[in-house]
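>
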Amino acid sequence: MKFLINPNRFNKFSDFIFKPLVFASFFTLTIGLAFAFFLSPDDYQQGSTVRIMYIHVPSAWLALLTFLIMTIYSIIGLAFKIPFSFIVNAAVAPIGATFTLICLITGSIWGKPMWGTWWVWDARLTSVAILLILYLIIIFLKKSFTSVEMGEKITSILILLGSVNLPIIKFSVDWWNTLHQPASISKLSSPSIDPSMLTPLIIMTFAFTLIGLLIAIIRIKTEIIERKLR
Amino acid sequence: MYILNSILALSKRELKINYRNFSDILSIFLFFLLGILIFVFSVGPNTEILNQISISIIWTLILLSNTLSIRKFFQDDFDDNNLILFHMSGLSYELIVLVKIIIVWVCLQLPFFIIIPIASILLNIEFQNLKIIFLSFLIGSTIITCITAISGSMNLLNKKNFAVGGLIIMIFSIPVIIFAVNLVSESNDIIRAQINILLGIMLFFLSITPWVCSICIKFGLQNK
Chain A
249 MKFLINPNRF NKFSDFIFKP LVFASFFTLT IGLAFAFFLS PDDYQQGSTV RIMYIHVPSA
309 WLALLTFLIM TIYSIIGLAF KIPFSFIVNA AVAPIGATFT LICLITGSIW GKPMWGTWWV
369 WDARLTSVAI LLILYLIIIF LKKSFTSVEM GEKITSILIL LGSVNLPIIK FSVDWWNTLH
429 QPASISKLSS PSIDPSMLTP LIIMTFAFTL IGLLIAIIRI KTEIIERKLR
Chain B
15 MYILNSILAL SKRELKINYR NFSDILSIFL FFLLGILIFV FSVGPNTEIL NQISISIIWT
75 LILLSNTLSI RKFFQDDFDD NNLILFHMSG LSYELIVLVK IIIVWVCLQL PFFIIIPIAS
135 ILLNIEFQNL KIIFLSFLIG STIITCITAI SGSMNLLNKK NFAVGGLIIM IFSIPVIIFA
195 VNLVSESNDI IRAQINILLG IMLFFLSITP WVCSICIKFG LQNK
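Protein chains in written order, with our numbering: chain A, 249 to 478; chain B, 15 to 238.
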């Protein structure tokens, strides 16, 4: 598992995994999109708009996963003084911001026909919006220092403080009485979603995760090369 | 005994500096009062609407005027290396941070207890509600001071982007605003629960702030 903290090992590992990852993500995305658009049934209440879910839920999942990865890497970087973790943080933050934005936009497009408004100040929506602002602050704070090392360390402290928001997002639908529906798939024993919709959702989640991983690998490699040039 | 003496000396010095720069503190309060005026101008002098949002106005302006005080904590002492001198005289960075937080709280938040009644006269807040506002302000101002200290220590070497410090303060103060603002209209049970939550947040920030700030200051001193 050394490739997770060592740039040279990571380079070798990523060269090894890159092509299979491209094919796998292309393959799963094709199948997932085919399922999402043609093979999955319409919802009996929502009609065809339910298909937004196949983009909305995976991007929300990736937005949270990216912040979790950044949190873990900040702990590793600050505690064990491993510079590679700061490279990962810098490379991954814009990906998370993008997926959070996708999640918010698709959610708002979905909300207009279902709830009647583009936006409500509901706990889940607000906390995800705060997550987006947090991502942007992290990106801005890193760039506002003249010394790169200082920016990285301060940013990882900010990430650690900001990770308080993650459980709030996760449990906001349970703690507050909200318009956003509660989690449907995380109850593994009895998911409250029909298998004919659950299958494409899981495939799309898998595809999005693979794509995120692919972009992350490309960005981390670029970041390593940039630092070698410096 | 020696440490107590140096803590006393440090706090005396801080108080003296704050006393000599009193116009700085006064302008922060002027910002607060002027902000109320701006709110009244933008909403209109309709007392019904103003009554509904008066407490939110006060809390928003408290938060915004605190964002102006980022540089009061460590910036000057960091720039002329006084922090290292304090450290060499036997005080740990955590202790310095704690002393600074207490002094800044005394100089910057305590006068709000005089200004908030004035604002409440201007905004037609009933005097029975003032008790709860004071209680929530006593807890909330401590949290906001801690957050400002964290943001100030993070931005010690930040020469390019000054606004980001204010952003950090505002984004971490969201829970304070949520739990402090709607206290007045609630029943007794809910008030007690929300005050307990606020106290919990305060204890959390009081415990982590010296630690986080000292880490940031050490990073700053290494990279200076």
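We put the CB at the ideal spot given by N, CA and C, even for glycine. In this text, all values refer to a predicted model and were calculated from it rather than measured experimentally.
Ignoring anything shorter than 3 residues, give me the beta strand (DSSP E) runs that lie fully in the stretch 143–221 of chain B, in order along the chain.
For the stretch 143–221 of chain B, not a single whole beta strand (DSSP E) run of length 3 or above is found.
> Less than 8 Å between C-beta atoms, sequence neighbours within five positions excluded: which residues of the same chain meet that for A/Met-209?
Outside the shown range of chain A (249 to 478) lies residue 209 of chain A, about which nothing can therefore be said.
> Could you tell me whether the Cβ of B/Leu-181 comes closer than 7 Å to any Cβ of chain A?
Cβ-Cβ to chain A under 7 Å: yes for B/Leu-181.
> State yes or no: is the C-beta of A/Tyr-383 within less than 7 Å of the C-beta of A/Gly-355?
No. Outside cutoff.
> Using a Cβ cut-off of 8 Å, pull out every chain B residue sitting near A/Leu-406, in sequence order please.
Ordered by position in chain B, the residues that pass the 8 Å Cβ test against A/Leu-406 are Met-168 and Ile-182.
> Please return the same chain residues whose Cβ sits closer than 7 Å to the Cβ of B/Asn-80, not counting the five positions on each side in sequence.
Here the set comprises Ile-158, Thr-162 and Ile-183.
> Give, in chain order, every residue of the stretch 344–362 of chain A whose Cβ lies closer than 9 Å to some Cβ of chain B.
So nothing in the stretch comes that close.
> Output yes if chain B places a C-beta closer than 7 Å to the C-beta of A/Leu-389; else output no.
So, interface residue.
> Between A/Ala-311 and A/Thr-348, is the Cβ-Cβ spacing less than 7 Å?
Cβ distance < 7 Å, so A/Ala-311 and A/Thr-348 count as in contact.
> List the endpoints of the continuous alpha helix (DSSP H) containing A/Met-315.
A small fix is needed here, since residue 315 of chain A is Phe in this sequence, not Met. Taken as a continuous stretch (DSSP letters only), the alpha helix (DSSP H) holding A/Phe-315 covers 301–328.
> Since A/Leu-380 meets chain B, which of its residues come closer than 9 Å, beta carbon to beta carbon?
In chain order: nothing, as chain B lies at least about 11 Å away.
> Grouping DSSP H, G and I as helix and E and B as strand, with all else coil, what is A/Asp-479?
Chain A is shown from 249 up to 478; residue 479 of chain A falls before or after that span and cannot be answered.
> Would B/Ile-185 pass as an interface residue toward chain A - the criterion being a Cβ-Cβ separation below 7 Å?
So yes, B/Ile-185 belongs to the interface.
> At a cut of 8 Å, does the stretch 44–54 of chain B reach the stretch 129–147 of chain B through at least three beta carbon pairs?
With a cut-off of 8 Å, the stretch 129–147 of chain B and the stretch 44–54 of chain B count as touching, because enough Cβ pairs lie within range.
> If I measure Cβ to Cβ from A/Ser-232 and keep anything under 6 Å in the same chain, skipping five residues before and after, which residues do I get?
Residue 232 of chain A lies beyond the range of chain A shown here (249 to 478); nothing can be said about it.
> I'd like the span of the alpha helix (DSSP H) that includes A/Cys-351, first residue to last.
Per DSSP, A/Cys-351 belongs to the alpha helix (DSSP H) from 331–363.
> Any contact of the stretch 180–197 of chain B with the stretch 140–159 of chain B, i.e. 3+ C-beta pairs under 8 Å?
Enough Cβ pairs lie closer than 8 Å, so yes.
> What distance in whole Å lies between the Cβ atoms of B/Val-226 and A/Ile-378, which are believed to be in contact at a cut-off of 8 Å?
In fact, because the Cβ distance is near 20 Å, the residues do not count as touching under 8 Å.
> Under 8 Å Cβ to Cβ from B/Phe-141, same chain only, skipping five residues before and after it: list those, please.
The residues are Ser-134.
> For A/Ile-386, count neighbouring Cβ atoms within 10 angstroms of its own Cβ and tell me buried if that reaches 16, exposed if not.
With 16 or more Cβ atoms within 10 Å of its Cβ, A/Ile-386 is classed as buried.
> Comparing alpha-carbon positions, which option in A/Thr-470, A/Asn-256, A/Ala-464 and A/Tyr-302 lies nearest A/Met-318?
Of A/Thr-470, A/Asn-256, A/Ala-464 and A/Tyr-302, the residue nearest in Cα terms is A/Ala-464.
> Buried or exposed, going by whether 16 or more other CB atoms sit within 10 Å of the CB of A/Thr-403?
Buried, since its Cβ has 16 or more Cβ neighbours within 10 Å.
> When the Cα of A/Thr-447 is compared with those of A/Phe-266, A/Ala-272, A/Ile-279 and A/Lys-329, which residue comes out closest?
Comparing Cα-Cα distances from A/Thr-447 to each of A/Phe-266, A/Ala-272, A/Ile-279 and A/Lys-329, the minimum goes to A/Ile-279.
> Looking at the unbroken alpha helix (DSSP H) that takes in A/Ala-284, where does it start and where does it end?
Looking at the DSSP string, A/Ala-284 is not in any alpha helix (DSSP H), and its letter there is neither H nor E.
> Which residues in the same chain have their Cβ closer than 6 Å to the Cβ of A/Phe-251, if we skip the five residues on either side of it in sequence?
Cβ neighbours of A/Phe-251 beyond the five flanking positions: Arg-257, Phe-258 and Phe-261.
> Give the range of the alpha helix (DSSP H) segment to which B/Asp-90 is assigned.
Segment 89–93, the alpha helix (DSSP H) holding B/Asp-90.
> Can you name the residues that DSSP bridges to A/Phe-393?
Beta-bridge pairing links A/Phe-393 to B/Asn-172.
> In chain A, what lies closer than 7 Å to B/Lys-173 by C-beta?
Neighbours of B/Lys-173 on chain A, chain order: Thr-394.
> Using a Cβ cut-off of 7 Å (strictly closer), state whether A/Ile-417 contacts chain B.
Not one chain B Cβ lies under 7 Å of A/Ile-417.
> At a Cβ threshold of 7 Å, is A/Lys-329 touching chain B?
No, no contact with chain B.
> How far does the alpha helix (DSSP H) with B/His-101 in it extend, from its first residue to its last?
Element bounds for B/His-101: 96–102.
> At a CB-CB cut-off below 9 Å, which residues of chain A make contact with B/Val-226?
Here the neighbours are Ile-405, Leu-408 and Leu-409.
> Counting only Cβ pairs nearer than 7 Å, list the residues of chain B close to A/Ile-402.
The contacting residues are Met-168, Cys-230 and Phe-233.
> Counting only the same chain and skipping the five closest in sequence on each side, list residues whose C-beta sits under 8 Å from that of B/Val-57.
Same-chain partners within the cutoff: Ile-63, Leu-64 and Ile-67.
> Could you say which of B/Ile-164, B/Phe-126 and B/Ser-201 lies nearest to B/Ser-221 if we only look at CA atoms?
Comparing Cα positions, the closest option is B/Ile-164.
> Is the CB of A/Ile-303 under 7 Å away from at least one CB in chain B?
So, not an interface residue.
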